[in-house]
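For the sequence shown, this note's numbering assigns the number 11 to the initial residue and increments by one for each residue that follows.
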Amino acid sequence: MNVADSEIVSSILDQSGYTKTDSIESADVILINTCSIRENAEIRVRGRLSVFKKQKNEHKAIVGVLGCMAERLKDDLIKQEKTVDLVIGPDSYRLLPQMIEEALSGRKVVQTMLSDDETYEDIIPVRYDSNGVSAFVSIMRGCQNFCSYCIVPYVRGVERSRNPQTILKEIEDIQAKGYKEITLIGQNVDSYNFSETNFAKLLNIVALAFPQMRIRFSTNHPKDLSNEVLETMAKYANICRHIHLPVQSGSNHMLQLMNRGYTREYYLERVDAIRKYIPDCAISTDIMVGFCDETEEDHQQTLLLMKEVGYDFAFMFKYSERSGTYASKNMKDNIPEKEKIRRLNEVIDLQNKIGRISKEKELGKTFEVLVEGKSKKSDKEYMGRNSQNKVIVFPSDKALKSGDIVNVQVERFTSATLIGNII
Ligand code: 5AD
Ligand code: SF4
């Protein structure tokens, strides 16, 4: 999400005559795009800001904070961080050029109005991806699910979907630039809705219009993932076989307190539906431990569910209270830090085992791999991903380019990657 937003910001600034520099010493304006989802993310931003202080003093650069942290803290950020000159929320990027002018003239500027309809749909983002293979396309903004722990609805505003015509135009541009893969992104892509076009219809239109392009999407919401979406995935080979379906917890008690809008049983039924429609689909998830009132029994339910689903991959977090959320106002963050860490480590250990099983199942299979570049470890090896989003490393005598497609048979694996040979 943040990469996509930074690309929009770059495009807006390009049009106003600014150019991007790779050396911080030569920057007149330093912008940092931020996330607020966990406290750690904000701590890292504050760390970066202290690095920018030197730049500000020695080279008279101005420093701006963009995105969710800007939206959450507004003028407080200017008061708390003396380095900051500009605070711009996620719906105000069009105003950046004039705000930068104001900041350059010595004023502190804060602009954090949220909008009901801004989608930046007419802006063709500048692409950052250095290997030129894969690009993000934002199809909607905001979220109104109000999961009780989550700050996103407060800092990204109401949900709004982008006109499909402008999405198609953007993908045409991406294709013309030589990219081979797109990821349609939104906080909850399953609730995409523009006039008569729901997410399944959008997928259908995109898959049909760009048969040579690999199509991914993220993030799905278990309560909204429809059979129509699964049927559409099954129908088109160019829609990748991977669904990221955050579960958060395996306990109904927790899911209710989190306001997730589904039960454990409903979630498992959706997983069954995925397996039925798309038997070779990889499933990944987000899991959060240590939310308010989580008992050992609740935690065990999460571990059981993880085994039952057999996730290919998981992002795992411990609950971090965010001020302004429903939970911060109405619930007690009452699981001791030490216990949160213990539960998180249990979840991580289990996922390592489950991930191993998921990789073992791939031994001997052959996958179409989209080459992203050389592998990190060796100049003679390449890396890419299969449709299931699994990283595969393989040697090649023939020189390959990013964007090439090769068939690779999996022979072994490490903790993070599958390893094989071209056949
Ligand atoms: N604390 C910890 N993790 C969180 N997430 C969202 N809010 C919080 C929070 N307050 C996690 C959820 C979500 C992912 C993007 O971040 O698991 O799916
Ligand atoms: Fe946050 Fe829930 Fe929206 Fe995801 S669906 S962004 S967790 S409120």
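Ideal Cβ placement from N, Cα and C applies to all residues, glycine included.
query	result
Pick helix, strand or coil for Gly-57, following the three-state DSSP scheme.	helix
I need the boundaries of the alpha helix (DSSP H) containing Glu-306, first residue and last residue.	306-319
Within its chain, find whatever has a CB closer than 8 Å to the CB of Gly-142; leave out the 5 residues flanking it on each side and keep chain order.	Lys-187, Gly-188, Tyr-189, Ser-412, Gly-413
Tell whether a beta-carbon distance below 8 Å holds between His-254 and Thr-229.	yes
May I have the straight-line CA-CA distance separating Ser-425 from Asp-132, to the nearest angstrom?	42 Å
Does the segment 385-392 come into contact with the segment 310-327, if we say contact requires no fewer than three beta-carbon pairs (one atom in each stretch) closer than 8 Å?	no
Since I believe Asp-95 is in contact with Lys-118 (beta carbons under 8 Å), could you give me their beta-carbon distance rounded to a whole number of angstroms?	6 Å
Quick check on this structure: which residue in Glu-81, Lys-63, Val-216, Thr-129 has the alpha carbon closest to the alpha carbon of Val-73?	Lys-63
Taking 7 Å as the cut-off, is the C-beta of Cys-503 nearer than that to any heavy atom in ligand 1?	The first residue shown for the chain is 11 and the last is 433, placing residue 503 beyond what the model contains.
Could you check where the beta strand (DSSP E) with Ser-294 kicks off and where it finishes?	292-299
Which partner residues of Lys-328 appear in the DSSP bridge assignment?	Val-299
What's the call for Phe-423, buried or exposed, on a 16-neighbour Cβ count within 10 Å?	buried
Locate the beta strand (DSSP E) running through His-254, then write down its first and last residues.	252-254
Note down the Cα distance separating Asp-24 from Asn-399, rounded to an integer number of angstroms.	33 Å
Return helix, strand or coil for Met-79, following the three-state DSSP convention.	helix
Is it true that the segment 340-359 meets the segment 106-120, where meeting means three or more beta-carbon pairs spaced less than 8 Å apart?	no
Just verifying my parser: in three-state terms, what is the DSSP assignment at Thr-193?	strand
From the DSSP output, which residues share a beta bridge with Ile-145?	Note on identity: in this sequence residue 145 is Ala, with Ile being the wrong assignment. DSSP, once it has assigned bridges, lists Ile-192 as partnering Ala-145.
How far does the beta strand (DSSP E) with Gly-383 in it reach, from first residue to last?	376-384
Could you tell me the alpha carbon to alpha carbon distance between Asn-214 and Arg-280, rounded to whole angstroms?	20 Å
Do you know offhand how far Phe-220's Cα is from Val-420's?	28 Å
Is DSSP giving Pro-405 helix, strand or coil here?	strand
Hey, is Met-298 close to ligand 1, as in C-beta under 7 Å from one of its heavy atoms?	yes
Give every residue of the same chain whose Cβ lies closer than 7 Å to the Cβ of Leu-218, excluding the five residues on either side of it in the sequence, and list them in chain order.	none
So, with DSSP's three-state summary, where would you put Ile-34?	helix
Flag Gly-287 as yes when its Cβ comes closer than 7 Å to any non-hydrogen atom of ligand 1, and as no otherwise.	As written in the sequence, residue 287 is Tyr, which differs from the Gly given in the question. No - ligand 1 has no heavy atom lying nearer than 7 Å to the Cβ of Tyr-287.
Any heavy atom of ligand 3 closer than 7 Å to the CB of Cys-153?	Ligands present in the displayed structure are limited to ligand 1 and ligand 2, and ligand 3 is not among them.
Using 8 Å as the threshold, is the C-beta distance between His-252 and Cys-302 below it?	no
What does the alpha-carbon distance come out to for the pair Lys-371 and Phe-327?	26 Å
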